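Working notes, structure below.
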Amino acid sequence: MLQRDVTREVNTVRPPEFSRSERTRVLIASAVGSVVVGYAAVAAVLALVSATATYAEFSTSGVLSAAAPAWLAAHHVPLRFDSGQLGVLPLLPTALLMLLVGRTAAGAADRLGLYEPLQVRGVVLSIAGSHAVVGGTIALVMGEGVVRATPAVAFFGCAAVSGLAATIGVARRCGLVEVVFDKLDPVALHGLRGGFMALFALVSMGALAVAAGLAASWPTTGMLFAEAGPSFGVGLGVFLLCLGYLPNAIIAGFSYVVGAGFSLGGVEVAPTRFVGGPVPPVPLLAAMPESAFAWSPVVLTGGAVIGVLVGWTCRKVSDRPASRLRAVLVAAITAGVGSLVLAATAGGRLAGGAFDPVTVPAGLLALLVALWVLVPGALVAWLAGNRRKVAVADGAEFVEPDYDEDSEGVDPDVVFEDDELTDQFEQLEVVDEDEFEVEEDLEDDDYYDEDEYAEEEPEDVDEAEDVEDEQEDEPEDDADEDLEDEEDLDAEFDEMLGMESEEDLDGKPGR
């Protein structure tokens with residue numbers, strides 16, 4: 003049976019007290035610092051690329067102005083051009099930005115001494131509000147330029163990404179994780195852990211698929227890098243572009259190994275379906291298969307193996323099969339929801355060209371992931387789980403007890419263990435109330451004749467009474483000795499007080 007220890011270490015040290023001005027100063031510093039550091043990091047990357055490029059003109063104002071839409075793209079805010087919308091955005095800058103915001107929020111919570119879930123509202127709201135205001139302002143300032151963004155989308159998009167990152171950063175510090183986990187029973191908690199494990203394993207399989215594709219087409223990858231440009235700056239820019247979109251490619255590979263596949267414009271790639279066509283000359287896309295292979299459906303066995311592993315981890319959750327199935331169901335739902343979120347962020351519009359849109363089917367991917375976890379996992383958890391077994395001796399026969407309808411009224415508390423007593427009870431005769439007369443002059447004690455029953459007592463009873471008498475005499479002797487010792491101590495105590503042995507504190511004899 004799965005049990006969970008919910009005891010937690012309680013910090014009895016009172017956090018330091020801060021005035022309102024000091025608290026406000028810490029919150030403003032954390033909010034502004036996360037915005038400034040993130041913007042400076044984006045500007046530094048752009049400055050490095052433009053400084054190393056051959057035909058690029060480097061200027062500080064140009065780098066700072068170009069960093070504004072890049073900062074919005076890091077918050078996963080879609081950008082619009084005259085030719086269309088850029089919605090498929092790199093996930094690596096978003097992940098790094100969320101890491102930065104999370105660390106900043108955790109540092110602010112540490113400085114303020116916050117340790118309860120409700121105390122982190124100020125930290126999360128201040129960081130999310132600052133990112134939202136800056137994002138909305140940048141979108142308004144860009145206006146109708148070459149690169150533009152919708153102010154409302156920029157405002158709420160920046161607030162959502164930064165707020166989520168800040169919440170994750172302070173979740174463990176302020177007990178948010180414990181609050182969520184304490185509301186789950188051990189079966190659901192085990193299923194949640196199994197779902198995250200399955201999602202991580204499937205994404206790892208997608209990463210292996212991308213790595214295998216790049217290794218198999220390494221000559222094509224090198225040729226695409228060479229065709230990008232002869233200078234170091236151009237090569238660095240292409241490398242950073244591929245590095246930024248690497249998480250997107252891993253999610254596409256994850257969708258491929260599960261069976262949902264992905265599409266790039268008119269090109270469709272799946273284990274059971276392949277439609278070829280032209281693709282952009284990006285080295286990362288060299289990992290895509292160039293044609294259909296007969297062995298492509300073999301990759302689907304990976305999802306089945308992971309489902310079996312999830313069921314194997316849930317086999318000892320409970321002795322009840324229904325509880326084990328519930329744990330597998332929770333794992334399937336967790337993995338499905340996680341894959342839905344990943345697929346929704348990996349694709350998008352690609353400026354309305356020949357390669358638009360880049361699609362990772364989120365709904366189909368979530369459904370297939372849930373099925374790969376649920377079906378094999380449920381079978382393994384049902385068949386390999388613990389079962390309550392009754393040990394039966396070899397050669398023993400099952401004898402059905404006799405059922406007597408007249409015994410329904412018998413008190414179930416009355417149990418006869420001695421067969422001889424049962425036989426004697428059956429020989430008793432039922433006497434009517436009128437035939438049984440009792441002399442009214444007799445007292446209660448007269449009904450019991452001690453001499454009569456004493457004569458009928460067997461010898462074994464007499465011997466048992468003798469043994470009991472001997473055992474009772476021993477404690478009495480011990481009690482007499484203890485009483486004598488106590489009297490000696492009382493006598494010594496009376497002599498110390500100058501009192502006679504037969505008088506007490508009030509002068510009354512016979513103590």
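Offset between the sequence shown (1-based) and the working numbering: plus 2.
Glycine is no exception: its CB is placed at the ideal position from the N, C-alpha and C atoms.
Since we're looking at a predicted model, the values are computed, not measured.
* To do: Determine the burial state of L116: buried for a count of at least 16 other Cβ atoms within 10 Å of its Cβ, exposed for fewer.
  => buried
* Asked: What number of angstroms, rounded off, separates the C-alpha of F158 from the C-alpha of H77?
  -> 10 Å
* Asked: Roughly how many angstroms lie between the CA atoms of G89 and A288, to the nearest whole one?
  -> Distance from the CA of G89 to the CA of A288, rounded to the nearest whole angstrom, comes to 22 Å.
* Can you tell me whether DSSP reads V416 as helix, strand or coil? -> Since pLDDT at V416 reaches only 47, below the 50 mark, its modelled position is unreliable, and no value is offered.
* **Exposure label - V181; buried when at least 16 CB within 10 Å** => exposed
* Starting from the Cα of F227, find the closest Cα among G235, A217, V240, F202 and give me that residue. => Shortest Cα-Cα distance from F227 to any of G235, A217, V240, F202 involves V240.
* Which residues bound the alpha helix (DSSP H) around V343? -> 323-348
* Asked: If you drop the 5 nearest sequence neighbours on each side, which residues of the same chain put their C-beta closer than 7 Å to that of T347?
  -> H78, L93
* Asked: Along the chain, where does the beta strand (DSSP E) that runs through A272 open and close?
  -> A272 -> beta strand (DSSP E) spans 269-272.
* From the DSSP output, in three-state form, read off L186 for me. => coil
* **R275, enclosing beta strand (DSSP E) - first and last residue** => 275-277
* To do: Leaving out five residues on either side along the sequence, give the residues of the same chain with a beta carbon under 8 Å from the beta carbon of V149.
  => P71, L81, R82, F83
* Taking C-alpha atoms, which residue in A49, T106, G86 lies nearest to P359? -> G86
* **Helix, strand or coil at V360 according to DSSP, with G and I counted as helix** => strand
* Are three or more beta carbon pairs between the stretch 254-262 and the stretch 205-223 nearer than 8 Å? -> yes
* Asked: Between the C-alpha atoms of A168 and V126, what's the straight-line distance to the nearest angstrom?
  -> 6 Å
* Asked: In the DSSP assignment, what residue or residues form a beta bridge with L88?
  -> L81, L352
* To do: Please list the segments of the beta strand (DSSP E) lying wholly inside the stretch 144-180, counting only runs of 3 or more residues, in order along the chain.
  => none
* V122 in three-state terms, based on DSSP -> helix
* **Rounded Cβ spacing between V362 and A254 (contact assumed at less than 8 Å)** => 6 Å
* Does the pairing of the stretch 373-390 with the stretch 300-320 give three or more beta-carbon distances under 8 Å? -> Short answer: they touch.
* Asked: For I140, is the classification buried or exposed, using 16 other Cβ atoms within 10 angstroms of its Cβ as the cut-off for buried?
  -> buried
* To do: Let me know the secondary structure DSSP gives L266 once reduced to three states.
  => Here L266 carries a strand assignment [DSSP, helix/strand/coil].
* Asked: To which residues of the same chain is G246 closer than 7 Å at the C-beta, ignoring the five residues directly before and after it?
  -> P92, L94, P95
* N250, enclosing alpha helix (DSSP H) - first and last residue -> 248-260
* Any idea if W374 is buried or exposed, counting beta-carbon neighbours within 10 angstroms, 16 or more meaning buried? -> buried
* To do: With a threshold of 16 other CB atoms inside 10 Å of the CB of L120, please say whether the residue is buried or exposed.
  => exposed
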